[in-house]
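See below:
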């Protein structure tokens with residue numbers, strides 16, 4: 277049984293239309309505008325509605341916050357690498373995760389990948405978090421909009437990406453290149469390692485570039501979801517391309533400068549000031565006025 281818990285994740289799943297909904301459960305007697313909207317949308321799509329006691333949803337969610345609504349759905353469809361690349365844009369932007377096992381980290385990466393317009397996320401079949409309700413909730417519903425592919429052998433998948441003209445860039449503490457010095461405007465796959473160990477040796481050896489993100493504090497590493505955000509938005513910055521659906525960032529209004537000068541009774545003399553012209557020289561009848 278696959279569950280989607282929480283208002284926003286359920287809304288995104290309803291909007292994406294990539295899952296089959298078996299039923300939608302809502303806490304009995306709970307009323308809010310968003311829950312009413314979800315009920316109305318489910319009815320329009322012919323999804324059965326059930327109103328249950330809160331204890332029932334608590335037991336089903338198993339500790340995952342559900343906000344009064346749970347969808348019982350089919351499993352998230354997972355693509356092959358070939359299918360993912362067929363739908364990729366040019367230049368492609370793919371995220372490859374080598375052993376990210378924390379579902380909250382995976383959810384956060386999916387959320388950032390969707391926001392940055394990535395073409396998809398590539399996961400290994402082993403040593404990776406599953407696409408669970410925890411991942412869906414941590415992604416704030418982005419899981420429903422991101423193309424996800426699984427592969428049996430990550431090294432072979434990287435070689436297949438290279439054969440398609442995609443450059444493989446690994447983000448690792450052992451990287452010898454700057455994260456912003458590598459060309460990410462071309463087709464790229466951004467590789468990030470799992471919690472604690474980073475990118476595995478064989479995967480590192482098959483990267484075209486190995487870059488690191490500088491750190492100036494006492495902590496020796498970044499959370500993988502934070503590193504993914506930096507990597508993805510560096511690619512967005514270099515490509516100078518913002519999706520048309522994104523609202524333009526309004527320019528901040530420039531405030532008039534507030535200038536404070538000497539007080540009227542300040543008799544301090546400025547030794548370098550030029551003498552001001554006499555007002556009488558520019559008045560009608562003054563010496564600068566030409567005769568008519």
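In our numbering, the protein residues as written are 277 to 568.
Positions of the beta carbon are idealized from the N, C-alpha and C atoms, including for glycine.
From a predicted model like this one, the values you see are computed outputs, not experimental measurements.
At a Cβ-Cβ threshold of 9 angstroms, residue 401 and residue 383 do not count as neighbours.
Selection 494, 506, 376 evaluated against residue 475 yields 376 as nearest (Cα-Cα). Burial of residue 343 is indicated by the presence of at least 16 other C-beta atoms within 10 angstroms of its C-beta. The shortest CA-to-CA distance from residue 486 to any of 461, 511, 509, 455 is the one to 455. A residue is called buried once 16 or more other Cβ atoms fall within 10 Å of its Cβ, and residue 432, having fewer, is exposed.
Just measuring C-alpha positions, the residue of 512, 452, 406 sitting nearest residue 462 is 512. Contact annotation: residue 372 and residue 434 have beta-carbon atoms nearer than 9 angstroms. Contact holds between the stretch 290 to 309 and the stretch 344 to 355, because three or more Cβ pairs, one in each stretch, are under 8 angstroms apart. With a beta-carbon spacing of about 16 angstroms, residue 285 and residue 389 fall beyond the 8 angstroms limit used to define contacts. Residue pairing by DSSP places residue 305 in no beta bridge whatsoever. Between the alpha carbons of residue 325 and residue 309 lies a distance of about 16 angstroms. In terms of Cα proximity to residue 287, the closest of 365, 315, 467 is 315. According to DSSP, residue 488 shares a beta bridge with 454. Sixteen is the threshold: since fewer than 16 other Cβ atoms of the shown chains lie within 10 Å of the Cβ of residue 299, the residue is exposed.
The bridge partners DSSP lists for residue 483 come to none. Residue 484 has its alpha-carbon roughly 20 angstroms from the corresponding atom of residue 509. Separation of residue 504 and residue 413 (C-alpha to C-alpha, rounded to the nearest whole angstrom) is 18 angstroms. Inter-residue distance for residue 472 and residue 449 is about 11 angstroms (C-alpha atoms, whole angstroms).
DSSP places residue 476 outside both helix and strand once states are collapsed to three, so it counts as coil. One Cα belongs to residue 289, the other to residue 535, and the distance between them is close to 55 angstroms. Within 10 angstroms of the beta-carbon of residue 307 lie fewer than 16 other beta-carbons, which makes it exposed.
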